[in-house]
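So the structure is just underneath, and the comments pick up after that.
Protein chains: 2
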Amino acid sequence: MTMTSSTHLSIDSDRLWSALMELARIGAYDDTATGLVGVDRQSLTDEDAAGRQLVIGWMKDAGLEVTIDELGTIFGRREGLEPDLAPVIAGSHIDSVATAGAFDGCLGVLGALEVVRSLNDAGLTTRRPLVIAAWTEEEGVRFGTDMLGSAVAAGRLTLDYAYELVDAAGLRLGDELVRIGFKGDRPARLDPPHAYVECHIEQGPVLADQGYAIGVVTGVQSISWQKITLHGRAAHAGTTPTELRVDAGLAAAQLVVRLREMVDSGEYGQLRATVGHLQTFPGIPSVVPDRAELTVDLRNPDDALMTQAEADLATYLETLPVLRVETKRMAKTAAVPFSERVQDAIAATAGSLDIPTMRLISGAGHDAQEMAAITPTAMIFVRGQYDGISHNPREYSTPEDCAAGITVLANTVLRLAAE
Amino acid sequence: MTMTSSTHLSIDSDRLWSALMELARIGAYDDTATGLVGVDRQSLTDEDAAGRQLVIGWMKDAGLEVTIDELGTIFGRREGLEPDLAPVIAGSHIDSVATAGAFDGCLGVLGALEVVRSLNDAGLTTRRPLVIAAWTEEEGVRFGTDMLGSAVAAGRLTLDYAYELVDAAGLRLGDELVRIGFKGDRPARLDPPHAYVECHIEQGPVLADQGYAIGVVTGVQSISWQKITLHGRAAHAGTTPTELRVDAGLAAAQLVVRLREMVDSGEYGQLRATVGHLQTFPGIPSVVPDRAELTVDLRNPDDALMTQAEADLATYLETLPVLRVETKRMAKTAAVPFSERVQDAIAATAGSLDIPTMRLISGAGHDAQEMAAITPTAMIFVRGQYDGISHNPREYSTPEDCAAGITVLANTVLRLAAE
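The structure is reproduced here in structure tokens:
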């Protein structure tokens, strides 16, 4: 049997949910901060290895041909009617942060597995091959570079760069890969597939706020991280007249307020600005701070507007009433617009399933942004509960919303694989 | 020989300086932060005991009758022509903070000693007795309550309260007093003297900025310390739209800016406002802070304007865009205006010595503010170098400025003791 465009593939939402819950038991821990059971399955740890083995077992049970690349990324291939055509890849990651929930990344991998299982149940074969990818070290919490596996696969980073990364304990990534038995033979550089689709939890509040279970992701914002240190002059709070002060804390406060004014001005498009870390020194109630440290996180889907915001921020810093300003760039990534064609395929698929969608930008980084460099790419976001909290054991998406996302993934993949 | 109002007593500035430097050797340490030699002679430590013994020896050598009160405060009495008249007291303290210089407090005690030595050299006897006081635990760094000895002497705090204070190691003040041999017999409650005069370094930049060696202190400001905690909602910097954020750090910044606006408005007189401690939590670059902690230090020489500032601040806090505001009062002291008559005596004395003076408020607390409750009181401030830095080994006043201050002290004391 082959698919026609009017046929919809149904998935088994209970099976999907069971797989998510079973994988979450690997690396489970009691989280004292929340009183919940969290997941700690950082990349290339024993827990990650156990998670990988579980997923590979499921892939093989589903009849997939499993290969491991030189950086440990797992590929599970389901042959197509025309094996020589470039495959459609659906993927994400199963490594986690230290205080994770069950969904971040895993939904994309186990959702793609559920697509394959459902195709098997329906006895369907696609025109193009389908490949599930579970990328190595997406989180970057252990070795310091996020989206590592997909970045090497897409050619942005080299394999040697990845191998030489070390974790906080001084362990080398290349050695850890060998230790857990996941240094494979498949070349890390990936031949461009026909398309890449990733289903992921939103990790934000927009879908819940707007009342949608599913979002079509238009791209990933540009991200700029800076650490800014303002130097003033320590002075006694009681004895130093206001006009003789050089208050680093006041200047930091003015900067925080200014950043919000920049956002609210609308001059920088959809700019988001966050000062997550702000601290004054010496931090004594009766001493005017001689130093204030803060981080500035800027996000913008438009690179030109991001550049303008950074430039205007730099100009503003020069006007602050302090003795000296230090700025250190911590990170900068360009905006990644996703393929209009793949976005439209997702939206049309959801529409035909009577699942309403909205389009939204991704504020977080994802493997899809690396794949976008070599193939038409887009993402499906699934609504999160509790304001979309993530990287926290409270992270939660309902079984219904997960099933909706994977149903859209399944039928989008079918659509693309028929091309 | 008796004094006439046209006679001026000269002091020995070298002897004064030598005494300051010799006392500073007790508790001396190498300060790594500044590369200087600092002083750590906290109250009722072995170092404090050694400092006390040195000063008592000098007092006895100068012919003073030394008594120790129940709280360890040292009194050195020089008899007057009319012993039954209430004495004039000149004093300060010799205990120090952990990172002190040579001048804070010591100038007032050793300066009063120099007054006595100079009177001895000149063969002068005053009408009223003169008493030097070296108050116990002025700094409050060891047992947590500053101006302790003078507060008990003036009746604001009880002796039992003082005895039961414990230091960070759990040692009880009453026990430490016995251990170092300074629990005396003299009642801690002091009979009101005729007047109290204290010479102290300014610990601020005003005199240096205005070009005066000596200041006449008009009083001590009201001090209000609050710890304010703002509660917002943690959110992902990339995924959370600005309009859905409850950013505790932004609210803290708005508060800091608002405090400066209050100061600049002039509506609160000579209000000073300082946010010494400001910190956001969890303090991660990509997370909108769910909590911000800050301290607010307000100073005002006018109690009514201070009350108004506190009330307006409380009203403003209610308008901040956060979920919840916690405020905790850490300290509150009323403004203490000093005696106009004693201020005028100091100013007139300095004028007759051709030493220009300006009047200024004290931003820091001093034993004089406790004495002001029971006797006409004022203070003489001596200019500090390096922006008046204090509680730091860099604290420094020149020999010339110290001599000027003690010359004014000597002749003011003579004037008051002749009344």
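Chains as they are written, first to last, in full-length UniProt numbering: chain R, 1 to 419; chain U, 1 to 419. The C-beta atom is built at its ideal place from N, Cα and C for all residues, glycine as well.
Within the continuous alpha helix (DSSP H) that includes residue i, where are the two ends?
| i | result |
| --- | --- |
| D40(R) | From DSSP, D40(R) is part of no alpha helix (DSSP H); its letter is neither H nor E. |
| C76(R) | In the sequence as displayed, the identity of residue 76(R) is Gly instead of Cys. Run containing G76(R): none in the alpha helix (DSSP H); it sits in the beta strand (DSSP E), I74 to R78. |
| V178(R) | L173 to R179 |
| R415(U) | P399 to A417 |
| E121(R) | A small correction: the amino acid at residue 121(R) is Asp; Glu does not occupy that position in the sequence shown. That run of the alpha helix (DSSP H) goes C106 to A122. |
| V152(U) | L148 to A153 |
Name, please, each residue of chain U whose Cβ falls closer than 8 Å to the Cβ of residue i.
| i | result |
| --- | --- |
| S224(R) | Within 8 Å Cβ-Cβ: nothing; S224(R) doesn't reach chain U, min ~11 Å. |
| A237(R) | R272, T274, G276, D297, R299 and G363 |
Kindly indicate which three-state DSSP category residue i falls into: helix, strand or coil?
| i | result |
| --- | --- |
| Q308(U) | helix |
| D69(U) | strand |
| G51(U) | helix |
| S390(U) | coil |
| T2(U) | For T2(U), the predicted model reports a pLDDT of 46, less than 50, meaning its position is unreliable; a value from the coordinates is still stated below. T2(U) falls in the coil class under three-state DSSP. |
| Q270(R) | coil |
| A19(U) | helix |
| A86(R) | coil |
| M371(U) | helix |
| Q279(U) | strand |
| G91(U) | strand |
| Y212(R) | coil |
| M379(U) | strand |
| A348(R) | helix |
| D303(U) | helix |
| Y396(U) | coil |
| V166(R) | strand |
| V141(R) | coil |
Tell me which residues share the same chain as residue i and place their Cβ nearer than 8 Å to its Cβ, disregarding the 5 neighbours each side in the sequence.
| i | result |
| --- | --- |
| R260(U) | A273 |
| residue 485(R) | Beyond the ends of chain R as shown, which are 1 and 419, falls residue 485(R); an answer cannot be given. |
| L320(R) | L230, A251, Q254 and L255 |
| T181(R) | Residue 181(R) is actually Gly in this sequence, not Thr. Here the set comprises A49. |
| R156(R) | E370 and A373 |
| I355(R) | A213, I214, A404, T407 and V408 |
In terms of DSSP beta bridges, what is residue i paired with?
| i | result |
| --- | --- |
| G384(R) | None, per the DSSP bridge assignment. |
| R186(U) | D69(U) |
| M330(R) | Bridge partners of M330(R): none, in fact. |
| R233(R) | V246(R) |
| K227(R) | T295(R) and K328(R) |
| V257(R) | None; V257(R) has no bridge partner. |
| A335(U) | For A335(U), which the question treats as bridged, DSSP gives no partner whatsoever. |
| L360(R) | V217(R) |
Excluding the 5 residues preceding and the 5 following residue i in the sequence, name in chain order all residues of the same chain whose CB lies nearer than 6 Å to its CB.
| i | result |
| --- | --- |
| P193(R) | A86, P87, I89 and T375 |
| V152(U) | L71, L159, A162 and A188 |
| V131(U) | F75, R77, P87 and I89 |
| D401(U) | A213, V382 and R383 |
| K183(R) | L177 |
| D14(R) | none |
| R233(R) | V246 and D290 |
Please list, in chain order, the chain U residues whose beta carbon lies closer than 7 Å to that of residue i.
| i | result |
| --- | --- |
| P289(R) | G276 |
| T242(R) | V263 and R272 |
| A168(R) | Within 7 Å Cβ-Cβ: nothing; A168(R) doesn't reach chain U, min ~16 Å. |
| S352(R) | Within chain U, no residue comes near S352(R); the closest Cβ sits about 28 Å away, beyond 7 Å. |
Going along chain R in order, which residues have a C-beta closer than 9 Å to the C-beta of residue i?
| i | result |
| --- | --- |
| L334(U) | One point to set straight first is that residue 334(U) is Ala, not Leu, in the sequence displayed. The contacting residues do not exist; A334(U) stays about 14 Å from chain R at best. |
| S390(U) | H236 and T239 |
Starting from the C-beta of residue i, find all residues in its chain whose C-beta is less than 7 Å away, skip the five residues before and the five after it, and write them out in chain order.
| i | result |
| --- | --- |
| Y386(U) | R394 and Y396 |
| L110(R) | L16, A19, L20 and L23 |
| A309(R) | M262, Y268, L271, L298 and N300 |
| M1(R) | With a pLDDT of 41 at M1(R), under the threshold of 50, the modelled position of that residue is not reliable, and the figure given next carries that caveat. Result list for M1(R): G123 and L124, in chain order. |
| R415(U) | A345 and T349 |
Along the chain, where does the beta strand (DSSP E) containing residue i start, and where does it finish?
| i | result |
| --- | --- |
| A133(U) | L130 to W135 |
| A198(R) | With the sequence shown as reference, residue 198(R) is identified as Glu, and Ala is not the correct amino acid for it. It spans A195 to I201 - the beta strand (DSSP E) in which E198(R) sits, taken as one unbroken run. |
| A28(U) | A28 to D31 |
Give the interface partners of residue i over in chain R, defined as CB-CB distance under 8 Å, in chain order.
| i | result |
| --- | --- |
| G101(U) | Simply none; closest approach about 14 Å. |
| I380(U) | Under the 8 Å cutoff, chain R gives no residues; its nearest Cβ is about 15 Å from I380(U). |
| R233(U) | D387 |
In chain U, which residues lie with their C-beta within 9 Å of the C-beta of residue i?
| i | result |
| --- | --- |
| L65(R) | The question names Leu, yet the displayed sequence has Glu at residue 65(R). Residues of chain U passing the Cβ test: none, with the nearest at roughly 36 Å. |
| G283(R) | G276, H277, L278, Q279 and T295 |
Applying a beta-carbon distance threshold of less than 7 Å, which residues of chain R neighbour residue i?
| i | result |
| --- | --- |
| L250(U) | V256 and R260 |
| A253(U) | A253, V256 and V257 |
(request) Could you run through the segment 191-225 of chain U and flag, in chain order, every residue whose CB is less than 8 Å away from some CB of chain C? (result) Considering every chain present, this structure includes no chain C. Its protein chains are R and U.
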